[in-house]
Amino acid sequence: MDLNDAVLDRLRHVAALPDLTGTRYELESEIGRGGLGVVYAARDRHLDRRVALKVLDSTLAAEAQLIARLEHPSIVPVYDTGMLPDGRVFYTMKLVAGARLDHYLERAPSWGERLRVMRRIGEALAFAHTRGAIHRDLKPQNVMVGAFGEVYVMDWGVEAVAGTPAFRAPDACPDRRSDIYALGALLQFMLPLSAPPALRAIAAKAMRADPAARYADVTAMLADIERFQDGLAVEAWSEPLWHRLRRFAARNAVLLWLLAAYAGVKFLLFFLRNL
Amino acid sequence: MNKILVGLIAGLILGAIDGATAWFTPEVRSAIAGIMVGSSIKGMIVGMLSGWFARKVQSTQWGIALGAALGLLFAFLVALMQHAHYLEIMLPGFVTGAIIGFLTQRTGAPATAKVGG
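Line by line, the protein sequences are chains A and B.
Under this note's numbering, the final residue of the first sequence carries the number 340; numbering is consecutive throughout.
Under this note's numbering, the final residue of the second sequence carries the number 118; numbering is consecutive throughout.
In structure tokens form, the structure reads like this:
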């Protein structure tokens, strides 16, 4: 048999597949490539269920340990960790059925839905920060939206991850504020061009070059998004007077209609009396 | 501030303002003080009942509907006592009641659940 390019590629592919001999897992297919490894769909023979299995390029299990510490509804739970015969570390986690955030946005979800997803991401991040963990590589490819609207933040980074340029803060030492920058970049990514200036201002504040000028924490940023959703003024934007009046009118539309109805009734009666 | 108090205050203020508009009707201008007091009392009764309702049912639509209905009912009773000015009393009373109903739904603290036995 000739060793043409296709055969060589196939051999390379097979050789790169992890050897799961001696583990309880059976390899199914490759799902994607993350910061420091490759993720596969696998079957857990003991529990007869499908899992996501990530094989790390390094021998460090820090990533698995980091995620295992973070028990949150929007963070994919780690089930198990182990070592392959070649010394590489792997861990298994819940296999999320859904769409990556960038693919999910192609379905043009509503405003409310986009902001709901944004808040779920922010809540996961805020929780991780309280546990002393930072993501380091937040981007649309690392967020999954499940079939029932559940949101998962994935691929939590370790020291070696530098981040993705469009979502990476220009900070010398990545910290919580770098995650806030990435969250702002993610919000900007999720907003269409027609987005209200208040929302754009929230993203811009989170993405300021000076970390001290960004939101103090993720909770403060989420509170600003919530204020926007409640029709209140946001901290990130000093709105012009006409915009403030428009927001007041939108927020108090029913009351203004009732007052207008009262004035209308009074004027009607006045003119009827003077006919 | 609880919703019944909100209703009482809103009813008092809106009732007084509604009564004060009688100044634009020359034939009743001399009795404006009495009209304002009567209108304020009517507003306070509507406000109190709307506030009580708002503590039980949290619905802006139903709050407006009940406020409007109560405003109409009490305005009708006032007009009945006068045997005159039915339209001038009932129409603004209806809208004022709706505003009071709205305000009791949107402002004031809801009833707190009792704890313990």
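All residues carry an ideal CB built from backbone N, CA and C; glycine is no exception.
query	result
Spatial distance of A:Gly-197 from A:Ala-281 (CA atoms)	15 angstroms
One or two residues paired with A:Asp-84 in a DSSP bridge	In the DSSP output, where bridge partners are listed per residue, A:Asp-84 has none listed.
Assigned secondary structure, A:Val-103 (DSSP; H/G/I helix, E/B strand, else coil)	strand
A:Leu-321: contacting residues in chain B (beta-carbon distance under 7 angstroms)	What A:Leu-321 touches in chain B: nothing, since even the nearest Cβ is about 11 angstroms away.
Contacts that A:Phe-335 makes with chain B (C-beta to C-beta distance below 8 angstroms)	Phe-25
For A:Met-158, three-class secondary structure by DSSP	strand
Start and end residues, alpha helix (DSSP H) containing B:Tyr-87	87-107
Beta-carbon gap between A:Thr-157 and A:Ala-117 smaller than 8 angstroms	yes
8 angstroms Cβ cutoff, B:Thr-105 in contact with chain A	no
Between the CA atoms of A:Phe-335 and A:Met-272 - distance to the nearest angstrom	57 angstroms
Under 8 angstroms (Cβ pairs) to chain B, residues found in the region 181-196 of chain A	none
Residues near B:Met-37 in its chain [Cβ-Cβ closer than 7 angstroms; skip 5 each side]	Ala-17, Gly-20, Ala-21
Interface partners of B:Ala-21 on chain A, CB under 8 angstroms	Here the premise fails: no neighbours, minimum Cβ distance about 11 angstroms.
Under 7 angstroms by beta carbon: chain A residues contacting B:Leu-9	The premise fails here: B:Leu-9 is roughly 19 angstroms from chain A at the closest Cβ pair, so nothing lies under 7 angstroms.
Beta strand (DSSP E) runs wholly inside the region 152-233 of chain A, at least 3 long, in chain order	154-159, 163-165, 208-211, 216-218
Pairwise C-alpha distance: A:Ser-175 and A:Glu-215	16 angstroms
A:Glu-93 and A:Ala-80 closer than 8 angstroms at C-beta	no
Simplified DSSP state of A:Leu-256, which is helix, strand or coil	coil
Endpoints, the beta strand (DSSP E) within which B:Arg-30 is located	Where B:Arg-30 is concerned, there is no enclosing beta strand (DSSP E), given that its DSSP letter is neither H nor E.
Cβ pair count under 8 angstroms reaching 3, the region 90-109 of chain B against the region 24-34 of chain B	no
Presumed contact (8 angstroms Cβ cut-off) between B:Val-1 and B:Leu-71, rounded CB distance	Absent from the model: residue 1 of chain B. The displayed extent of chain B is 2 to 118, so no value can be given.
Against chain A: residues of the region 69-92 of chain B by CB proximity under 9 angstroms	Leu-88, Glu-89, Leu-92
Cross-chain neighbours of B:Ile-14 in chain A, by beta carbon under 8 angstroms	Those within 8 angstroms of B:Ile-14 in chain A number zero; the least Cβ separation is about 13 angstroms.
Candidates A:Val-299, A:Glu-188, A:Met-183: closest to A:Pro-261 by CA position	A:Val-299
Identified DSSP bridge partners for A:Glu-91	A:Arg-108
Reference A:Val-141, options A:Gly-177, A:Lys-119, A:Ser-243, closest by Cα	A:Lys-119
Cross-chain neighbours of A:Leu-324 in chain B, by beta carbon under 8 angstroms	Ile-100
Alpha helix (DSSP H) segment containing B:Asp-19, residue limits	4-21
Closest residue to A:Ala-380 among A:Val-154, A:Tyr-246, A:Ala-266 (Cα-Cα distance)	Shown here, chain A extends from 66 to 340; a query on residue 380 of chain A therefore has no answer.
Boundaries of the alpha helix (DSSP H) in which A:Leu-320 is found, first to last residue	318-338
CB contact below 8 angstroms: B:Val-29 versus chain A	no
Nonlocal neighbours in the same chain, by C-beta distance under 6 angstroms from B:Met-45, ignoring five residues either side	Leu-9, Gly-12, Leu-13
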